[in-house]
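In the numbering used here, the protein residues as written are 556 to 866.
Notes for the one structure printed next.
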Amino acid sequence: IEEIERKDIREGDYVIIEKGGDVIPKVVHVITKKRGKDSVITIPPQNCPVCNSKLIRPEGEVAIYCENNTCPAQVKGKIEHFASRGAMDIEGLGKAIIDQFVDYNFLKSYADIYDLHKHKNELIALERFGEQSINNLLSAIEESKNRPFEKVLFALGIRFVGAGAAQKLAHHFKNIDNLLKASEEDIENIHEIGPSISVSIKKFFATSDNLEIINRLRKAGLKFAIESTGETSEALRDFTFVLTGTLEKFTRDEAKEMIQQKGGKVTGSVSKNTSYLVVGENAGSKLDKAEKLGIKILNEDEFLSLIESAK
Ligand SMILES: [Zn+2]
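Written as structure tokens, this is what we have:
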């Protein structure tokens, strides 16, 4: 929108474009000579083209938002995000089906996904769906209840809470109740979680509709806690870890806690007794030494899967 204002781009204009970045061509300037007499200045929309409620442009932001929670376009977008591969990964619940289910009022929020089974016969009766495809969809929905807490947290679609932030929040707070109780300060104390995220989280949880939806998802059996919470094991009893470099997905303290929960030890320097070196960005001399000693080296993802599989 700012770009349109700055360059005074109007409907029907001829423009010079250049290849910018990868795909999207960039408008260099408007050929005003070719502009018709009846051309009018482009005015950003004031109201949502779908639900007609007033649009909001947060201070310091470029984008304009429709903040009506029941706006069909918003509802569809949120459900699409919820079901998407990086979130709840519900196979078969794609954009076209979501559009149709929202239009037919089967889905008003993503919590309704877990009530779809109650409408099985009506869904089968809908045009272009057969019994088999509805059965497949319902079992994919059932299967999505196994997604871990961090995926559920990401799926909620809290603004600014991307997959990485959701993972950090889940590992730090362990369950939704701790996160609900947390102050903005508590949240910002997590490595690389800033005020925009903490403010957005508090705002999300201050909305009763959102709390209601979370309650329904809980009752449906989604995971709102990290599985390993409190359960300690001795699976890593004979293993010694060293951490080095800048860790992105968790802090050193969190990594240490994860290791200790499984009975492992963390030490500060690499020796022949080290079992694993966990490396982040810009790892230095410890990495060199571990390589010389032939010690197993894990990146963050490999470390997390080792922790998960150690039972
Ligand atoms: Zn709207």
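By construction, the Cβ of each residue, glycine as well, lies at the ideal position given by its N, Cα and C atoms.
Heavy atom of ligand 1 within 7 Å of residue i beta-carbon
{"i": "residue 605", "result": "yes"}
{"i": "residue 815", "result": "no"}
{"i": "residue 664", "result": "no"}
{"i": "residue 628", "result": "yes"}
{"i": "residue 608", "result": "yes"}
{"i": "residue 660", "result": "no"}
{"i": "residue 624", "result": "no"}
Short Cβ contact (8 Å threshold) for residue i with residue j
{"i": "residue 720", "j": "residue 748", "result": "yes"}
{"i": "residue 701", "j": "residue 779", "result": "no"}
{"i": "residue 805", "j": "residue 831", "result": "no"}
{"i": "residue 735", "j": "residue 760", "result": "yes"}
{"i": "residue 596", "j": "residue 565", "result": "yes"}
{"i": "residue 835", "j": "residue 855", "result": "yes"}
{"i": "residue 833", "j": "residue 791", "result": "no"}
{"i": "residue 753", "j": "residue 742", "result": "yes"}
{"i": "residue 570", "j": "residue 586", "result": "yes"}
{"i": "residue 716", "j": "residue 763", "result": "no"}
{"i": "residue 690", "j": "residue 647", "result": "no"}
{"i": "residue 659", "j": "residue 681", "result": "yes"}
{"i": "residue 837", "j": "residue 776", "result": "no"}
{"i": "residue 696", "j": "residue 723", "result": "no"}
{"i": "residue 579", "j": "residue 599", "result": "no"}
{"i": "residue 567", "j": "residue 594", "result": "yes"}
{"i": "residue 605", "j": "residue 626", "result": "yes"}
{"i": "residue 788", "j": "residue 865", "result": "yes"}
{"i": "residue 653", "j": "residue 679", "result": "no"}
Near ligand 2: residue i beta-carbon under 7 Å from a heavy atom
{"i": "residue 601", "result": "This structure does not include ligand 2; its bound ligands are ligand 1."}
Buried versus exposed call for residue i [16 or more other C-beta atoms within 10 Å across all chains shown]
{"i": "residue 784", "result": "A caution first: residue 784 carries a pLDDT of 46, below 50, which makes its placement in the model too unreliable to give a value."}
{"i": "residue 862", "result": "buried"}
{"i": "residue 670", "result": "exposed"}
{"i": "residue 609", "result": "exposed"}
{"i": "residue 583", "result": "exposed"}
{"i": "residue 589", "result": "exposed"}
{"i": "residue 829", "result": "buried"}
{"i": "residue 667", "result": "buried"}
{"i": "residue 825", "result": "buried"}
{"i": "residue 705", "result": "buried"}
{"i": "residue 651", "result": "exposed"}
{"i": "residue 611", "result": "exposed"}
{"i": "residue 814", "result": "buried"}
{"i": "residue 738", "result": "exposed"}
{"i": "residue 841", "result": "buried"}
{"i": "residue 572", "result": "exposed"}
Below 8 Å, how does it come out for the stretch 661 to 678 and the stretch 614 to 632: are there three or more Cβ pairs, yes or no?
Pairwise C-beta distances place the stretch 661 to 678 in contact with the stretch 614 to 632, as three or more of them are shorter than 8 Å.
Does the count of Cβ pairs from the stretch 641 to 648 and the stretch 706 to 718 closer than 8 Å reach three?
Yes: at least three Cβ pairs fall under 8 Å.
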